[in-house]
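One structure is given here, and the rest of the page talks about it.
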Amino acid sequence: MEKNKIWQGNWTFIMAAAGSAVGLGNIWKFPYMTGTNGGGAFVLIYLLCILLIGLPVMMAETYIGRYGRKSPINSLNKITSDFSLNKIWVILGWLGAIAGIMILSYYSVFAGIAAAYIFNYIPATEIDPAQYSINYFSKFVSSPQKMILWHSLFIITTCVVVGKGVVEGIGKTISILMPTLFFLVIALCIYSSFSGDFSEAFNFLFNPDFSKINTSVVISAMGQAFFTLSIGMGAIMAYGAYMPKEQLIGKTVLIIVFLDTSVALLAGLTIFPIVFSNPELSVSSGPGLLFETLPVAFHSLPFGNIFASIFFILISIAAISSSVSLIEPFTAWIEEKGIFSRVQGVILLGGIAWLLGLGSVFSFNIWSAKTFFGFNFLSLMDFITNNLMLPMGGLTISIFVGWILNKEAVQKEMKIPKSLFKVFIFCLRVIAPLAISIIFLSYFFS
Ligand code: PHE
């Protein structure tokens, strides 16, 4: 990572971090997880996790990155040296770097499907578009060749962008594309609320049925909160390294969290009205939900196929702006180490993610009956990264910034009013560690 490069202006950091946060997690994963976990109760726990754990952890990560101004591993190296602390904390950087590659491996598989859907047209004469859409998805994922092709294309694109350097490549494109995505999500949500069953969708999302809450719903909601904000693995730390010195961390992070949460809720309010107005579609259909519903929504619109393509182009872009931040922490470290160049590093890491991704591709077809510890390969990767590694990373970051670092030094850098700083430190010291530990313990001992 170029040490002296700092993003120009306050908006570049906001857009890049929002670019990392807003991705498939919001548009694809949030709606399907809400669907499979029973709706409103899941949403409520998810929102609580975002506010009480996600927000403070994201601020803490940004702080470490801006302090160190290097890759997460080396920022942690620097901060532990400066404060004369045990080097064991650097493991956090390593675990995050590894989690990033593991997440990228399956993220790319779904981003590949989204990219392929740019070219998916429901024939104008089709009388049952919902059924057509369900069949199309299951046919698509049953072909390992097609899935591998799109998975490969997505990994290559990610590597090209990261190889060029995050500041130039990502910083510039995102500031144009993210606003376009926001605009389209809002427009589509308005359309869908008029043409589908909005009130039932609203009820499903915001009327919690507490009987649906169990430990597995809670651990999934917490994992999703970490995943959607890109926290717990160093992505935000890596971007924090480019943040201008004067930018206010608290306010900036609040904007990012607000944008991310709004896109997820809007995606839910777009997809569920369509599901509820088409009896063939089911809220709990899982990872295929987005791909089965959106084409149906567009089908009935004038020029629907063109809009559908544009929308999937934007989803693919949102996915790229997230995937680069998955591979960046490890790549930045390789580059700093100096044994390999940035380009060689990204090829190596991209190759590993590609290979690991094949397991997720096969989970849909030739390995669909194979289980590993009771999960198929894809759900195992998803579980280990989102439900274990990211919350574990978040727990460590909270303890590190809340208990280990010098409070005065943190406050000086954060520049938030004393009373709010107290709340921030309380969340890091008590709420986040306690909540994450209780959720872990109750999941594994129930
Ligand atoms: N936040 C991204 C999304 O919602 C995924 C991501 C997770 C990106 C972790 C970087 C780090 O799609």
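In the working numbering, the protein residues as written are 6 to 451. All C-beta atoms in this analysis are idealised placements derived from N, C-alpha and C, irrespective of residue type, glycine included.
Taking the Cβ atom as the reference point for each residue, do S463 and N392 lie within a distance shorter than 8 angstroms? Here the chain has residues from 6 to 451 only, and residue 463 is not among them.
So what does DSSP say about F47, is it helix, strand or coil? For the purposes of this step, residue 47 is identified with residue 42 of the sequence shown, where counting begins at 1. DSSP places F47 in helix when its eight states are reduced to three.
Counting pairs of Cβ atoms below 8 angstroms between the region 380-398 and the region 94-107, do you hit three or more? yes
I'd like to know whether the C-beta atoms of V262 and L439 end up nearer to each other than 8 angstroms. Translated into the one-based positions of the sequence shown, residue 262 becomes position 257. Translated into the one-based positions of the sequence shown, residue 439 becomes position 434. No; because the gap between Cβ atoms is not below 8 angstroms, this pair is not in contact.
With a threshold of 7 angstroms (Cβ to nearest heavy atom), would I325 be considered close to the ligand PHE? Sequence index remark: in the sequence shown, residue 325 carries index 320 (1-based). Flag unset: Cβ of I325 not near the ligand PHE.
Burial state of V406 (16 or more Cβ within 10 Å): On the sequence shown, residue 406 is found 401 positions in, with the first residue counted as 1. Buried: at least 16 other Cβ atoms inside 10 Å.
Using the beta-carbon count (16 or more within 10 Å), is L446 buried or exposed? Residue mapping note: residue 446 aligns to position 441 of the sequence shown, counting from 1. L446 is exposed by the Cβ-count criterion.
Less than 7 angstroms between C-beta atoms, sequence neighbours within five positions excluded: which residues of the same chain meet that for G228? The sequence position of residue 228 within the sequence shown is 223, counting from 1. Closer than 7 angstroms at the Cβ level, and outside the excluded window around G228, lie N391, N392, L395 and P396.
Just to confirm, does K26 get its C-beta within under 7 angstroms of one of the non-hydrogen atoms of the ligand PHE? Here the question's residue 26 lines up with position 21 in the sequence shown. The question names Lys, but residue 26 is Ala in the sequence shown. The answer is yes for A26.
Segment limits, alpha helix (DSSP H) that includes R347: Position 342 of the sequence shown, counting from 1, holds the residue named residue 347. Unbroken alpha helix (DSSP H) run through R347: R347 to S368.
Going by the beta-carbon positions, is the gap between T220 and Y51 smaller than 8 angstroms? To locate residue 220, count along the sequence shown from 1; it is residue 215. To locate residue 51, count along the sequence shown from 1; it is residue 46. No, Cβ-Cβ distance for T220 and Y51 is not below 8 angstroms.
Do V146 and N370 have their C-beta atoms closer together than 8 angstroms? One-based indexing of the sequence shown puts residue 146 at position 141. One-based indexing of the sequence shown puts residue 370 at position 365. Yes; because the gap between Cβ atoms is below 8 angstroms, this pair is in contact.
Any heavy atom of the ligand PHE closer than 7 angstroms to the Cβ of L274? Counting from one through the sequence shown, the residue named residue 274 turns up at place 269. No, the beta carbon of L274 sits no closer than 7 angstroms to any heavy atom of the ligand PHE.
Should M386 be listed as close to the ligand PHE, given that the test is whether its C-beta is under 7 angstroms from any heavy atom? The residue you call residue 386 lines up with position 381 of the sequence shown. Flag unset: Cβ of M386 not near the ligand PHE.
Three-state class that DSSP yields for F377 in the structure shown: Here residue 377 refers to the residue found at position 372 when the sequence shown is read from its first residue. Strand, per DSSP.
Give me the Cβ distance between L210 and G44, rounded to the nearest whole Å; I'm assuming they're in contact under 8 angstroms. Against the sequence shown, residue 210 aligns to sequence position 205. Against the sequence shown, residue 44 aligns to sequence position 39. Going by Cβ atoms, the distance from L210 to G44 rounds to 6 angstroms, so yes, they are a contact pair.
Could you spell out the range, first to last residue, of the alpha helix (DSSP H) harbouring P61? Here the question's residue 61 lines up with position 56 in the sequence shown. Element bounds for P61: L60 to G73.
Taking 7 angstroms as the cut-off, is the CB of G30 close to at least one heavy atom of the ligand PHE? Along the sequence shown, read from residue 1 onward, the residue named residue 30 stands at position 25. Yes, Cβ of G30 sits closer than 7 angstroms to a heavy atom of the ligand PHE.
Cβ of F316 versus every heavy atom of the ligand PHE: is any distance shorter than 7 angstroms? Translated into positions along the sequence shown, residue 316 becomes position 311. F316 Cβ: outside cutoff for every heavy atom of the ligand PHE.
Quick one: measure Cβ to Cβ for I118 and E297, integer angstroms, because I've assumed they're closer than 8 angstroms. Residue 118 sits at position 113 when you count from the first residue of the sequence shown. Residue 297 sits at position 292 when you count from the first residue of the sequence shown. So it is not a contact: roughly 11 angstroms between Cβ atoms.
Confirm the yes/no value for this check: CB of S2, any heavy atom of the ligand PHE, distance under 7 angstroms. Residue 2 lies beyond the residue range present for the chain, which begins at 6 and ends at 451; the question has no answer from this structure.
Determine the DSSP secondary structure at N9, reduced to helix, strand or coil. Indexing the sequence shown from 1 puts residue 9 at position 4. Because N9 carries a pLDDT of 49, less than 50, the predicted location of this residue cannot be relied on, and the following value inherits that uncertainty. It is coil, neither helix nor strand.
Is L263 a contact residue of the ligand PHE, with contact defined as CB to any heavy atom under 7 angstroms? The count along the sequence shown starts at 1 and reaches residue 263 at position 258. Before going further, note that residue 263 is Phe rather than Leu in the sequence given. F263: no, Cβ never under 7 angstroms from the ligand PHE.
Can you find at least 3 beta carbon pairs, one from the region 194-202 and one from the region 300-318, that sit closer than 8 angstroms? yes
In or out: K75 buried (at least 16 other Cβ within 10 Å) or exposed? As a working mapping, residue 75 is identified with position 70 in the sequence shown. Buried, by the Cβ-count rule.
Where Q252 falls: helix, strand or coil (DSSP): Within the sequence shown, numbered from 1, the residue matching residue 252 stands at position 247. The answer is coil: DSSP assigns Q252 none of H, G, I, E or B.
Pairwise C-alpha distance: L100 and L410: Looking up residue 410 in the sequence shown gives position 405. Looking up residue 100 in the sequence shown gives position 95. So the two alpha carbons sit approximately 20 angstroms from each other.
How about the region 264-279 and the region 24-38: do they share at least three Cβ pairs that are nearer than 8 angstroms? yes
Is it right to say Q13 is buried, meaning 16 or more other beta carbons lie within 10 angstroms of its own, or is it exposed? By one-based count along the sequence shown, residue 13 stands at place 8. Q13 is exposed by the Cβ-count criterion.
With H, G and I counted as helix, E and B as strand and the rest as coil, what does DSSP make of M238? Residue 238 sits at position 233 when you count from the first residue of the sequence shown. Here M238 sits in coil by DSSP.
Just to confirm my understanding: we take N212, look at its own chain, exclude 5 residues before and 5 after, and list those with CB closer than 6 angstroms. What are they? By 1-based counting over the sequence shown, the position of residue 212 is 207. Hits under 6 angstroms: G45.
Option nearest T39 by Cα separation, candidates A374, I69, A414 and P292: One-based indexing of the sequence shown puts residue 39 at position 34. Comparing Cα positions, the closest option is P292.
Any heavy atom of the ligand PHE inside 7 angstroms of the beta-carbon of F232? Sequence index remark: in the sequence shown, residue 232 carries index 227 (1-based). Yes, since a heavy atom of the ligand PHE falls inside the 7 angstroms radius drawn around the Cβ of F232.
Residue interval of the alpha helix (DSSP H) (run including I218): Along the sequence shown, read from residue 1 onward, the residue named residue 218 stands at position 213. First-last for I218: undefined, no H or E at that position.
Taking 7 angstroms as the cut-off, is the beta-carbon of S267 closer than that to any non-hydrogen atom of the ligand PHE? On the sequence shown, residue 267 is found 262 positions in, with the first residue counted as 1. No, the ligand PHE has no heavy atom inside 7 angstroms of this Cβ.
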